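Student: Numbering (our numbering), first residue to last: 2 to 120. To start, I am sharing the structure in question, which I have written as structure tokens.
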């Protein structure tokens, strides 16, 4: 057996092992950061504290080619007054996982003996 497909039938980024492993890594890292703000006041300063720790973590993952992009949304549009009353901090993380190379296409072009490769 050779490859990195999962048993997921529907085509998506999640049908590849590298993306599943990335999500496990992100969840573990963000859980550690979340523990640092757990039981703190649910106010914008705490939200910023979370973002100030999460963004460098996500940027590092992107720098090491785990992500091609991300967007973390944590503000009054995600953590509404109703959620604050329920003691919930709610954020949304949009990610673009880096895709792995599974096939390499290489064309072989036969040239004449007098062809120049100086270009």
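We put the beta carbon where it would ideally sit given N, CA and C, even for glycine. These numbers were taken from a predicted model, which means no experiment stands behind them.
Under the DSSP definition of a beta bridge, which residues are partnered with residue 74?
Tutor: Working through the chain shown from its first residue, we reach residue 74 at position 73. Note: residue 74 sits in a beta bridge opposite 93.
Student: So, with DSSP's three-state summary, where would you put residue 69?
Tutor: As a first step, residue 69 is located in the chain shown; it is residue number 68 there, counting from the start. Of the three classes helix, strand and coil, the one that applies to residue 69 here is strand, per DSSP.
Student: How is the alpha helix (DSSP H) around residue 14 delimited, first residue to last?
Tutor: Position 13 of the chain shown holds residue 14. Neither: residue 14 is in no alpha helix (DSSP H) and is coded neither H nor E.
Student: Over the uninterrupted alpha helix (DSSP H) stretch that includes residue 53, give me the two end residues.
Tutor: Numbered from 1 along the chain shown, position 52 holds the residue referred to as residue 53. Per DSSP, residue 53 belongs to the alpha helix (DSSP H) from 45-64.
Student: So does the region 105-113 actually touch the region 80-89, counting three or more Cβ pairs closer than 8 Å?
Tutor: no
Student: Starting from residue 107, follow the alpha helix (DSSP H) in both directions and report where the run begins and ends.
Tutor: Mapped onto the chain shown, residue 107 falls at position 106. Per DSSP, residue 107 belongs to no alpha helix (DSSP H) and is neither H nor E.
Student: Would a C-beta distance cut-off of 8 Å place residue 56 and residue 73 closer than the cut-off?
Tutor: Within the chain shown, the letter at position 55 stands for residue 56. Within the chain shown, the letter at position 72 stands for residue 73. With contacts defined as CB atoms closer than 8 Å, residue 56 and residue 73 qualify as a contacting pair.
Student: Within its chain, find whatever has a CB closer than 8 Å to the CB of residue 89; leave out the 5 residues flanking it on each side and keep chain order.
Tutor: Here residue 89 is taken as the residue at index 88 of the chain shown, counted from 1. For residue 89, where only same-chain residues beyond five positions count, the Cβ hits under 8 Å are 43 and 80.
Student: Quick check: what's the CA-CA separation for residue 22 versus residue 49?
Tutor: Counted from its first residue, the chain shown places residue 22 at position 21. Counted from its first residue, the chain shown places residue 49 at position 48. Going by the C-alpha atoms only, they are around 27 Å apart.
Student: Let me know the secondary structure DSSP gives residue 82 once reduced to three states.
Tutor: Along the chain shown, one-based indexing puts residue 82 at 81. In the structure shown, residue 82 sits in a helix (DSSP, three-state: H, G or I).
Student: Going by DSSP, what residues sit across from residue 1 in a beta bridge?
Tutor: Outside the modelled stretch of the chain, which goes from 2 to 120, sits residue 1, for which no answer is possible.
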